[in-house]
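Just add 207 to wherever you are in the sequence shown, counting from 1, and you've got my numbering. For glycine and all other residues, C-beta sits at the position ideal for the given N, C-alpha and C. What you are looking at is a predicted structure, and each value in this text was computed from that prediction instead of being measured. Notes follow the structure.
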Amino acid sequence: MREEIGYIPVGEAELYVEDVGEEHAPALIVLHGGPGGNAYALREGLQEYLEDFRVIYFDQRGSGRSLELPQDPRLFTVDALVEDTLALAEALGIERFHLLAHGFGALVALELLRRYPEVDGALLLAPWVSFPWLSARLAEAAGLEPLGDPEENLRAALQKAEPKALFDRLMFPTPHGRLEYEWVAEGSGILGPDTPALAFWHNGLWRLDYTPYLAPSRRPVAVVVGEKDGTSYPYAEEVAERLRAPIRVVPEAGHYPWIDQPEAFGEVFRESLEGLLVPWRV
């Protein structure tokens with residue numbers, strides 16, 4: 208299998224990139240979650256389903272294995288991540304592509320889909336679209352009654368528990384799923400900086416609700432979400448309805464449904480990928 212690994216400069220950033228699969232297959236660019244995550248767990252969990260694609264896994268600017276950037280809020284915006292993705296595609300000679308986006312990455316995918324015709328379609332996996340809604344869920348995970356101000360929700364929740372503990376309560380329906388994810392993540396040996404998350408906080412990410420920008424797309428879009436993912440469900444139903452996109456809910460699965468329910472996830476994930484490819488094959 209063809210695999211090219213290296214660093215590619217895009218504007219102020221230098222991105223760690225893994226370019227995998229047949230060069231002339233339909234291209235799929237993977238947008239990991241965060242802000243400040245990396246693509247390692249997505250490749251480990253999803254690569255067996257993506258053999259029909261040329262897949263571009265990369266760590267977003269200042270995240271994971273990409274080169275660090277200073278904690279300058281100007282460098283960490285959704286627009287910057289959108290431009291990085293387009294610049295990366297251009298550097299790799301990819302004129303058209305699909306997107307596979309997880310969690311926070313869905314925000315970048317939706318903006319790309321809204322603004323640029325080079326995007327042929329998108330699969331949104333456990334999408335994060337309304338950060339005020341997510342902040343309320345974190346408050347509930349801390350045992351609090353959500354307030355009207357999302358940043359106050361977050362501050363109050365973090366006074367009760369560490370961020371990881373709160374997200375774990377929402378993301379993982381079972382201790383087994385959490386431990387298996389941690390085994391994969393810790394095995395990567397990747398310790399990315401906190402810079403992206405802190406910069407996005409400074410830029411008001413937790414007040415951002417992208418829902419009003421959602422509209423039916425002329426290009427194929429699909430949503431896959433775990434039924435027990437408290438960070439994205441049931442809000443993903445609203446996202447799918449506004450996009451007029453099919454939504455497939457994986458029973459008893461959390462934020463990483465391929466870990467919790469691999470058979471059920473594999474079935475709906477492949478169906479969603481086929482839906483993306485139909486117009487390309489025609």
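7 Å Cβ shell around residue i - same chain, five flanking residues per side excluded
{"i": "D259", "result": "A232"}
{"i": "W335", "result": "G310, F311, A313, L314, L341, T438, S439"}
{"i": "E318", "result": "V285, V289"}
{"i": "E459", "result": "P380, E434, K435, D467, Q468"}
{"i": "S479", "result": "L330, A429, V431, R455"}
Counterpart residues of residue i in DSSP-defined beta bridges
{"i": "D416", "result": "S337"}
{"i": "G328", "result": "H305"}
{"i": "A349", "result": "According to DSSP, which records beta bridges pairwise, A349 is partnered with nothing at all."}
{"i": "I397", "result": "I397 is not bridged to any residue."}
Which listed residue (the options) has its alpha carbon closest to that of residue i
{"i": "S337", "options": "A460, P216, T438, V456", "result": "T438"}
{"i": "Y440", "options": "A296, T284, I454, P427", "result": "I454"}
{"i": "A329", "options": "V457, E474, A452", "result": "A452"}
{"i": "G252", "options": "G482, L480, D467", "result": "D467"}
{"i": "R414", "options": "A298, E434, A343", "result": "A343"}
{"i": "L282", "options": "A471, E347, F407, P458", "result": "F407"}
{"i": "F304", "options": "V237, E459, E481", "result": "V237"}
{"i": "Y323", "options": "G482, L306, L331", "result": "L306"}
{"i": "G271", "options": "G396, G433, A368", "result": "G396"}
{"i": "P481", "options": "P427, A287, W465, L361", "result": "In the sequence as presented, Pro is not what sits at residue 481; that position holds Glu. Measuring from the Cα of E481, the nearest candidate turns out to be P427."}
{"i": "E448", "options": "T418, G473, E470", "result": "T418"}
{"i": "A372", "options": "H239, E347, E359", "result": "E347"}
{"i": "H383", "options": "A294, P423, A443, P464", "result": "P464"}
{"i": "Y264", "options": "D279, P280, G244", "result": "G244"}
{"i": "G350", "options": "R362, P339, K367", "result": "K367"}
Rounded separation between residue i and residue j - CA only
{"i": "D327", "j": "A316", "result": "11 Å"}
{"i": "G228", "j": "Q254", "result": "10 Å"}
{"i": "L249", "j": "G411", "result": "27 Å"}
{"i": "F476", "j": "E219", "result": "35 Å"}
{"i": "D416", "j": "G355", "result": "14 Å"}
{"i": "P400", "j": "G269", "result": "8 Å"}
{"i": "P370", "j": "A246", "result": "20 Å"}
{"i": "A364", "j": "A234", "result": "40 Å"}
{"i": "P353", "j": "N360", "result": "6 Å"}
{"i": "A296", "j": "E302", "result": "7 Å"}
{"i": "E470", "j": "L331", "result": "19 Å"}
{"i": "Y442", "j": "L405", "result": "25 Å"}
Sequence-distant residues of the same chain with beta carbon closer than 8 Å to residue i, five excluded per side
{"i": "Y214", "result": "E221, L222, Y223, V224, S273, L274"}
{"i": "P277", "result": "T402"}
{"i": "E387", "result": "I466"}
Extent of the continuous beta strand (DSSP E) run through residue i
{"i": "P464", "result": "That residue, P464, is in no beta strand (DSSP E); its alpha helix (DSSP H) goes 464-467."}
{"i": "A429", "result": "428-433"}
{"i": "P216", "result": "210-217"}
{"i": "Y223", "result": "220-227"}
{"i": "L377", "result": "Not the beta strand (DSSP E): L377 falls in the alpha helix (DSSP H), residues 370-378."}
{"i": "A234", "result": "234-238"}
{"i": "R455", "result": "454-457"}
Spatial neighbours of residue i in its chain, beta-carbon cut-off 6 Å, leaving aside the 5 residues before and after
{"i": "H462", "result": "A333, M378, D436, T438"}
{"i": "D375", "result": "R385"}
{"i": "V489", "result": "Only weak support is given to the placement of V489: the predicted model assigns it a pLDDT of 45, under 50, and the value that follows is read from those uncertain coordinates. Cβ within range, chain order: n/a, list empty."}
{"i": "R209", "result": "none"}
{"i": "E358", "result": "W413"}
{"i": "A195", "result": "Outside the shown range of the chain, which is 208 to 489, sits residue 195, and nothing can be said about it."}
{"i": "D226", "result": "E211, I263"}
Terminal residues of the alpha helix (DSSP H) in which residue i lies
{"i": "L253", "result": "247-253"}
{"i": "A443", "result": "442-450"}
{"i": "F265", "result": "No alpha helix (DSSP H) contains F265, which is instead part of the beta strand (DSSP E) from 261-265."}
{"i": "H409", "result": "402-409"}
{"i": "L293", "result": "285-298"}
{"i": "P357", "result": "357-367"}
{"i": "G312", "result": "312-322"}
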